[in-house]
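This is the structure we're talking about:
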């Protein structure tokens, strides 16, 4: 799993059009907006679902650590197909993204999961401090 | 070389702080802004400089093709260390990024190269149409 974290002053997105795959989730074409948020652009890679427990544990620990360091108030889980060439099957990717969301909620983190399988318009304002952009491979 | 293209309604950046490497380019901490632009986030990977002719040819062709399809008015070359774990030596990466810039200018493309080796604040507004976000490996 590849992750790009961006600590953002503001993040806004709006689903525009379904990608031509049957697996696109249902979503309202409404704008969602977040302030002082940690946006996590996530590419679930081939084989990640089989390693889900290991990945989930490491990722959640990492998010909690970064949240504390940068003082972000929420997390946005944003599916992103562009960080790797080896994508997991869509249904397994969605299952893993849902598990991440559920785990964050259990930890009391204010979190939101953007829909999978959509072309989305977005605006992001990256803060640009030394921890504002980080990348990881899990 | 890994590239993430984002066709943007607006893109703005401002150098904030030098990353602790000797190779950071000189840059003014002033805001630069672009409209209807194709932002190319670029990670130059180990070994890319040795393959520079091949990479340059393929990348410039690809940019020209996308520019025409999305009707962007300019290109921003934005060094980005987060698309790969295997980074080229900084001086070689800068040389390749400069070659890309020079080649685009020769082709008559309105292009700008953001400085290497800085933490930068940025705002991007991704248009969200089907060709607004594309990724490539060269």
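Protein chains in written order, with the numbering used here: chain A, 3 to 140; chain B, 3 to 140.
Glycine is no exception: its CB is placed at the ideal position from the N, C-alpha and C atoms.
Measuring C-alpha to C-alpha distances from residue 29 (chain A) to each of A:115, A:125, A:56, A:129 identifies A:115 as the nearest.
Taking 8 Å as the upper bound on Cβ-Cβ separation, chain A lies near residues 121, 122, 123, 124, 125, 126, 127, 128, 129, 130, 131, 132, 134, 135, 136 of the region 113–136 of chain B.
Residue 23 (chain A) carries a coil assignment under DSSP once its states are collapsed to helix, strand and coil. Counting C-beta atoms within 10 angstroms of its own C-beta, residue 25 (chain A) has fewer than 16 neighbours from the protein chains shown and is therefore classed as exposed. For residue 123 (chain A), the enclosing beta strand (DSSP E) covers residues 120–128. Beta-carbon to beta-carbon, residue 8 (chain B) and residue 135 (chain B) are separated by about 6 Å, close enough to satisfy the 8 Å threshold. Identification of chain A residues near residue 19 (chain B) by a Cβ-Cβ cut-off of 9 Å yields 130, 131, 132, ordered along the chain. Apart from sequence neighbours up to five positions away, the residues of its chain that approach residue 93 (chain B) with a beta-carbon distance below 7 Å are 25, ordered along the chain. Among the residues of chain B, those whose CB is under 7 Å from the CB of residue 84 (chain A) are 6, 135, 137, following chain order.
Here the alpha carbons of residue 48 (chain A) and residue 129 (chain A) stand approximately 32 Å from one another.
Closest in C-alpha terms to residue 82 (chain A), from the list A:71, A:96, A:33, A:74, comes A:96. Here the C-alpha atom of residue 65 (chain B) lies approximately 44 Å from the C-alpha atom of residue 109 (chain A). Residue 113 (chain A) and residue 71 (chain B) have their C-alpha atoms some 36 Å from each other.
Annotation: the continuous alpha helix (DSSP H) that includes residue 92 (chain B) extends over 92–108. Non-local beta-carbon contacts of residue 57 (chain A) in its own chain, meaning distances under 8 Å to residues more than five positions away in sequence, involve 3, 50, 98, 140 in chain order. Residue 115 (chain A): member of the beta strand (DSSP E) spanning 113–115, first to last residue. For the pair residue 33 (chain B) and residue 120 (chain B), the CB atoms are not nearer than the 8 Å cut-off.
In this structure, the beta-carbon distance from residue 36 (chain A) to residue 76 (chain A) falls below 8 Å.
In this structure, DSSP gives residue 47 (chain A) an extended state, which the three-state scheme calls strand. For residue 138 (chain A), there is no enclosing alpha helix (DSSP H); the residue is found in the beta strand (DSSP E) stretching over 135–139.
Residue 31 (chain B) and residue 122 (chain B) have their C-alpha atoms roughly 9 Å apart. For residue 56 (chain B), the enclosing alpha helix (DSSP H) stretches over residues 54–72. For residue 23 (chain B), the closest C-alpha among the options B:91, B:5, B:85 is that of B:91. Of all residues in the region 94–106 of chain B, none places a beta-carbon less than 8 Å from a beta-carbon of chain A.
Taking C-beta atoms as the reference points, residue 127 (chain B) and residue 12 (chain B) count as a pair closer than 8 Å. Under the DSSP assignment, residue 81 (chain A) falls in the beta strand (DSSP E) whose first and last residues are 76–81. Not a single C-beta of chain B is nearer than 8 Å to the C-beta of residue 52 (chain A).
In the same chain as residue 62 (chain B), and ignoring 5 residues on each side of it, the C-beta atoms closer than 8 Å to its own belong to 102, 105, 106, 109, in chain order. For residue 9 (chain A), the beta-bridge partners assigned by DSSP are A:40. Any Cβ of chain A closer than 8 Å to the Cβ of residue 87 (chain B) would place that residue at the interface, and such an atom is present.
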